[in-house]
Every structure is written in structure tokens, then in C-alpha cells.
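The structure appears below as C-alpha cells.
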Amino acid sequence: MKAGDCVLGIDTSCYTTSTALVSARGLEWEARTPLSVKPGAKGLRQSEALFQHVRNFPALIRNMPYKLAITAVAASVRPRPQEGSYMPVFVAGSS
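The sequence shown begins at 9 in our numbering and counts up by one.
What follows is the structure, given as C-alpha cells:
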């Protein structure tokens, strides 16, 4: 990586839409948006969580510092590092 080059990290969990830029110097920028759960609800259905991630990305990306060059993108794609591990919320980051 050259000076100023960054890796964009994306995580779409069941709780938060997260983005970060990391360079050889370390963390350059990060932003997170918690998913909205209605009061009294115990959580979100996977389809609703996925929809919220898709809605959250534009605002997170808009606030990213564009002076940094993104040379790679990394995203969480499954809940556990095992064959067959799958949850729909991770599709948002991998797509």
C-alpha cells in the first residue's frame, strides 16, 4: 500500500451498519448507524435488517473523506468463518 491508500471495511451485522477506512497508519475514519428496532420489540427480522442496511449505506458513504484513495474493499459475508454459515444481513455488505 502506498501512503494515502486505504482499505474500505464494511460490516452489516444484526445490530449496526458499519464502515471504516484503514491505511498503513491505522484507522483513518469510521462511521456506524445502529439499526432501528421498535420499542418493545425483541429484534428485527432478517429482511427488515437487510433493508435498513441498504438504506443506511448512502449516508455513511456520503460522509467518507474522499481525499483518501480506496485500493481494496473488505466486507463481513457471514456470521461465522464456517462453511454454510449464512444470514441475510451479510448480503448487504457483500453485494
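Backbone N, C-alpha and C fix where the C-beta goes; we use that ideal spot for every residue, glycine too.
Query: For Arg70, the nearest candidate out of Arg86, Phe98, Arg40 and Pro47 (CA to CA); Result: Arg40
Query: Contact set for Arg96: own chain, Cβ-Cβ below 7 Å, skip 5 residues either direction; Result: Reading off the sequence shown, one finds Pro at residue 96, where the question assumed Arg. Here the set comprises Gln54, Ser55 and Leu58.
Query: Rounded C-alpha distance that separates Gly12 from Leu68; Result: 20 Å
Query: Anticipated Cβ contact below 8 Å, Leu52 with Thr24, distance rounded; Result: No, Leu52 and Thr24 are not in contact; Cβ-Cβ is about 12 Å, not under 8 Å.
Query: Sequence-distant residues of the same chain with beta carbon closer than 6 Å to Pro87, five excluded per side; Result: Ser93 and Met95
Query: Rounded separation between Ser84 and Ile18 - CA only; Result: 7 Å
Query: First through last residue of the alpha helix (DSSP H) which encompasses Glu56; Result: Gln54 to Arg70
Query: Limits of the unbroken beta strand (DSSP E) element including Val81; Result: Ala77 to Ala83
Query: Alpha helix (DSSP H) segment containing Gly101, residue limits; Result: Val99 to Ser102
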